[in-house]
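Peer 1:
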């Protein structure tokens, strides 16, 4: 059994983790085998290394930590019931974690089940998490922006190249006509 001091340390540690996390996700892990949890954690580690944690703590400690971190209890209180695991991601690209858990669910009979969460401090439900997972990742968004900037420049280069080529053809035609 945990001592009161140890519980207070855990709550403080969780509070700090929740404050700095870009994604906090509550999931029901009931029915998941240890091997499945380990596989899921391995996939998170491949992407985030130590910037993502999938932990199982007592609901009471999670509730206290969320309150200490300043999250509105009216939003999350119904989500912290039963068997609850908490995924925290401290990264600029939290959407990839949602994609990882969604892909994992497809291959593992929908386990773990997403209950709710916070993305950049904004609450979302389990149903909304599926829609959030469809958003492009940070890297994809950057590529789209760069592509958006590059396309007009590329078009300008081809246009200028075409004008220059036509000008050279006209000069060659004039030269050939004068040579006759």
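In my numbering, the protein residues as written are 578 to 757. C-beta: ideal position from N, C-alpha, C; glycine also. All values derive from a computational prediction rather than experimental measurement.
#1: Looking at the strands, I want to know which residues DSSP matches up with residue 694.
#2: Look up residue 664 in the DSSP assignment and say whether it is helix, strand or coil.
#3: Please name the residue in 756, 631 and 728 whose C-alpha comes closest to that of residue 617.
#4: Give me the DSSP bridge partner(s) of residue 678.
#5: Under a three-way DSSP split, which group does residue 751 fall into?
#6: Which residue wins for smallest C-alpha separation from residue 623, given the options 607, 677, 721 and 660?
#7: Counting only the same chain and skipping the five closest in sequence on each side, list residues whose C-beta sits under 7 Å from that of residue 694.
#8: Quick one: is residue 729 buried, meaning 16 or more other Cβ sit within 10 Å of its Cβ, or exposed?
#9: Would you identify the three-state DSSP class for residue 658, choosing helix, strand or coil?
#10: Compute the Euclidean distance between the alpha carbons of residue 643 and residue 671, then round it to the nearest angstrom.
#11: Would you mind working out which of 658, 638 and 595 sits nearest residue 580, comparing C-alpha positions?
#12: Compute the Euclidean distance between the alpha carbons of residue 658 and residue 636, then round it to the nearest angstrom.
#13: Shorter than 7 Å, the distance from the beta carbon of residue 599 to the closest heavy atom of the ligand FMN, or not?
#14: What are the start and end residues of the beta strand (DSSP E) that includes residue 580?
#15: Are the beta-carbon atoms belonging to residue 674 and residue 596 less than 8 Å from one another?
#16: Please identify the residue among 731, 739 and 591 whose C-alpha is closest to the C-alpha of residue 666.
#17: For residue 756 and residue 741, I'd like the C-alpha separation in whole angstroms.
#18: Do you know offhand how far residue 680's Cα is from residue 746's?
#19: Can you tell me whether DSSP reads residue 744 as helix, strand or coil?
Peer 2: Well, looking at it:
#1: 602 and 701.
#2: Correct three-state label for residue 664: strand.
#3: Shortest Cα-Cα distance from residue 617 to any of 756, 631 and 728 involves 631.
#4: According to DSSP, which records beta bridges pairwise, residue 678 is partnered with nothing at all.
#5: When DSSP states are grouped into helix, strand and coil, residue 751 belongs to the helix group.
#6: For residue 623, the closest C-alpha among the options 607, 677, 721 and 660 is that of 677.
#7: 600, 601, 602, 603, 701 and 706, listed in sequence order.
#8: It counts as exposed.
#9: DSSP places residue 658 in coil when its eight states are reduced to three.
#10: Going by C-alpha positions, residue 643 is about 19 Å away from residue 671.
#11: Among 658, 638 and 595, the Cα nearest to that of residue 580 belongs to 638.
#12: When only Cα atoms are considered, residue 658 and residue 636 end up about 7 Å apart.
#13: Ligands in the displayed structure: none, and consequently the ligand FMN is not present.
#14: DSSP places residue 580 outside any beta strand (DSSP E), giving it a letter other than H or E.
#15: Cβ atoms of residue 674 and residue 596: not closer than 8 Å.
#16: Per the Cα distances, 591.
#17: Rounded to the nearest whole angstrom, the CA to CA distance from residue 756 to residue 741 is 22 Å.
#18: When rounded, the separation of the alpha-carbon atoms in residue 680 and residue 746 is 57 Å.
#19: The answer is helix: DSSP assigns residue 744 an H, G or I state.
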